[in-house]
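Down below is the structure, laid out as structure tokens.
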Amino acid sequence: MNANDKDLFFETAWETGLDLVRDAVWDSRERCNWTGNWFDMSEGSFRNVVRSFGPDLYSGTSGILYFLCRLYEKRNDPFLARTIEGCANQVRSTAAQLPDHGFYSGKPGAACVLAAAGYVMEREDWAEEAYALLRDLKQDGFAAYETDIISGIAGTIPALKLFQELHNDDHSAGMVHTLATALCNMALKEDTGWSWATVGSKKNLTGFSHGAAGIACALLDAYRVCGDALFLEGAREAIRYEQHYYHPQSKNWPDFRDAGLTQGPGEYHYGVAWCHGAPGIALARMYAYEAWPSETLLPQIEAALDTTYRHTLQMSADTQNLPNFSLCHGLCGNADVLLSSGKSEYTGLTAGIGLLGIQRYHKAQLPWPGGIRGNLPTPGMMMGLAGTGYYYLRLADPDFYGSVLVPGNFRLQVPV
């Protein structure tokens, strides 16, 4: 990738950010939000709707805030600064409504974003409010669905780890220990390993967003903070559960969700996205290797990356039926995983996807396709424009702009 490409990628991210600045909807209290496409469950099926957004990181104002702040680090624009402040005001005034747990859908992710924004914009009060959001979270009485990275305590542990590293405080470390112990106690412990009931499924899920891979990462975060061998055991057992169902022919792991079943009895869909399948598991295993450098992880990483590469190459080559450019389950998410590997052999594809998007959508002034059914555009981080823009920041400077797809790698006190 040459310097001209990197400049082009940054300018694409910048203009994507300006689109969000332009589309912000303001109220009389100097707060801003966005409206856009989303989906809703109605009468047992999903339907597309147009709505405003909550303060969560996944689809809402926290995710947009993080993208805009990271843009501001490289270009101090007054209109961008005003939008950041309005977006932060919206997050601050609504974050208490979020569920206590979950990195992408709960208070922990919003707290991390607000802290990062506070450091970038030199607003100590924002960082203090972010820390306060995490101090009084529920620490017992969890339902089964409250275990995963998206919406459960596995998503809270990495946020607490980040704050503990920043403040070196015993309170965050104590909460990490309490929540990780609860995760271990809630595991279904079988001969095949440990797993957790999260969403509707015939078997407990593999994968990052709702499955064992993401929970393993959280337990490794807890092990790093607390040094409790139980948490390392839990992470290893979660990985062992996933490996029990690994399918060598497809180099992938099955999606056990009820919606993932194919027509044949006992046959499963093998997803290839951050949320379900090889890309998210590749990230999880690479993250695991940092805390637990076991040689057994290396062939798992290699297989998951190979599947991600082959599938993403195939998707990007079908220019008549391009998939969406979201982080959750689109081209940008898969390419971000390959970028995170640091392997030079993937550079052509990751940059090529960036150039493809610029040619197909940015230069043509067409909406970027989002992760909503029908590839409809949406403004948020994991399914829409903020995430697409953030991928272009990653292409421009992957060392400075770390991935948002592994909560434990999230940056609170970003370089300024």
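Numbering (the working numbering), first residue to last: -12 to 403.
We treat Cβ as the ideally placed atom computed from N, Cα and C, and that holds for glycine.
Let's see if you can read the secondary structure: which residues bound the alpha helix (DSSP H) around residue i?
i    : result
L270 : A265 to A278
L101 : K94 to V107
L175 : Looking at the DSSP string, L175 is not in any alpha helix (DSSP H); the run it does join, the beta strand (DSSP E), is L175 to E177.
G374 : L372 to A383
W1   : A(-10) to D10
R57  : T48 to K61
V78  : P65 to T81
R223 : A216 to H231
G339 : T334 to G344
Q151 : T143 to H154
A130 : Segment: none, A130 is in no alpha helix (DSSP H) and carries neither H nor E.
Q301 : L284 to A304
Y210 : A199 to C213
C315 : Segment: none, C315 is in no alpha helix (DSSP H) and carries neither H nor E.
Of the choices the options, whose alpha-carbon is the least far from that of residue i?
i     : options                   : result
P58   : I268, V186 and V8         : The sequence as given places Leu at residue 58; Pro does not occur at that position. For the residues I268, V186 and V8, the minimum Cα distance to L58 belongs to V8.
S46   : I137, A271, L120 and D215 : I137
E116  : Y132, M108, A98 and G128  : A98
D(-6) : P356, M302, Q126 and G341 : G341
V100  : A184, C56, D10 and L284   : C56
L399  : N311, G73, A146 and L300  : A146
A83   : K94, V37 and S49          : K94
T294  : G128, N76 and W240        : W240
A271  : G258, S188, G198 and N311 : G198
V163  : K190, D215, D178 and E177 : D215
K238  : A222, E111, R297 and P42  : R297
Y233  : D27, G264 and A203        : G264
Y257  : F90, A338 and D242        : D242
L67   : D43, S80, N155 and A11    : A11
L285  : P394, M108, C171 and I226 : I226
D384  : G344, E109, R16 and D323  : D323
C204  : E177, Q346, R110 and C171 : C171
L80   : R16, F26, R38 and M28     : The amino acid occupying residue 80 in the given sequence is Ser; Leu does not appear at that position. The shortest Cα separation from S80 among R16, F26, R38 and M28 belongs to R16.
C74   : E60, W183 and T48         : T48
H154  : G335, T193, Q307 and R122 : R122
C213  : E152, V259, M302 and A304 : E152
Note down the Cα distance separating residue i from residue j, rounded to an integer number of angstroms.
i     : j    : result
M370  : T165 : 32 Å
F(-3) : C319 : 15 Å
V269  : I288 : Reading the sequence as shown, one finds Ala at residue 269 and not Val. Using only the alpha carbons, I get a separation of about 5 Å.
V36   : R18  : 23 Å
E254  : L325 : 28 Å
D(-8) : T283 : 37 Å
P65   : I71  : 10 Å
G161  : Y118 : 15 Å
P402  : G96  : At P402 the pLDDT is 46, less than 50, meaning the model places this residue with poor confidence; the figure from the coordinates comes in the next sentence. Their Cα atoms are separated by approximately 19 Å.
A104  : D87  : 20 Å
Y388  : D127 : 35 Å
W1    : L309 : 23 Å
L5    : R62  : 12 Å
A114  : L392 : 22 Å
I359  : N396 : 26 Å
A291  : Y276 : 14 Å
L300  : H158 : 46 Å
T143  : K330 : 30 Å
R38   : Q77  : 16 Å
P252  : D112 : With a pLDDT of only 46 at P252, under the threshold of 50, the placement of this residue in the model should not be trusted, and no figure is reported.
Q346  : Y228 : 42 Å
T193  : Y379 : 29 Å
What residues match up with residue i in a beta bridge as DSSP calls it?
i    : result
I137 : I137 is not bridged to any residue.
I359 : L363
L113 : Note on residue identity: the sequence assigns Trp, not Leu, to residue 113. In DSSP, W113 forms no bridge with anything.
W13  : C19
V259 : G264
F26  : N35
W181 : K176
S188 : R244
H234 : N239
If residue i sits next to residue j, beta carbons under 8 Å apart, how far is it from one beta carbon to the other, in whole angstroms?
i    : j    : result
G180 : E224 : 5 Å
L372 : T22  : Between T22 and L372 the Cβ distance is about 13 Å, and since that is not below 8 Å, they are no contact.
T134 : T185 : 6 Å
A278 : Y210 : 6 Å
F218 : L206 : 5 Å
K125 : D208 : Going by Cβ atoms, the distance from K125 to D208 rounds to 19 Å, so no, they are not a contact pair.
V363 : N24  : Here residue 363 turns out to be Leu, not Val, going by the sequence shown. Their Cβ separation, rounded to whole angstroms, is 4 Å, which keeps L363 and N24 in contact under 8 Å.
G187 : D245 : 5 Å
F54  : G376 : 6 Å
W261 : H316 : 7 Å
M273 : G50  : With a Cβ gap of about 23 Å, M273 and G50 do not count as contacting.
F33  : N20  : At roughly 23 Å, the Cβ-Cβ gap does not stay under 8 Å, so F33 and N20 are not in contact.
L44  : Y106 : In fact, because the Cβ distance is near 17 Å, the residues do not count as touching under 8 Å.
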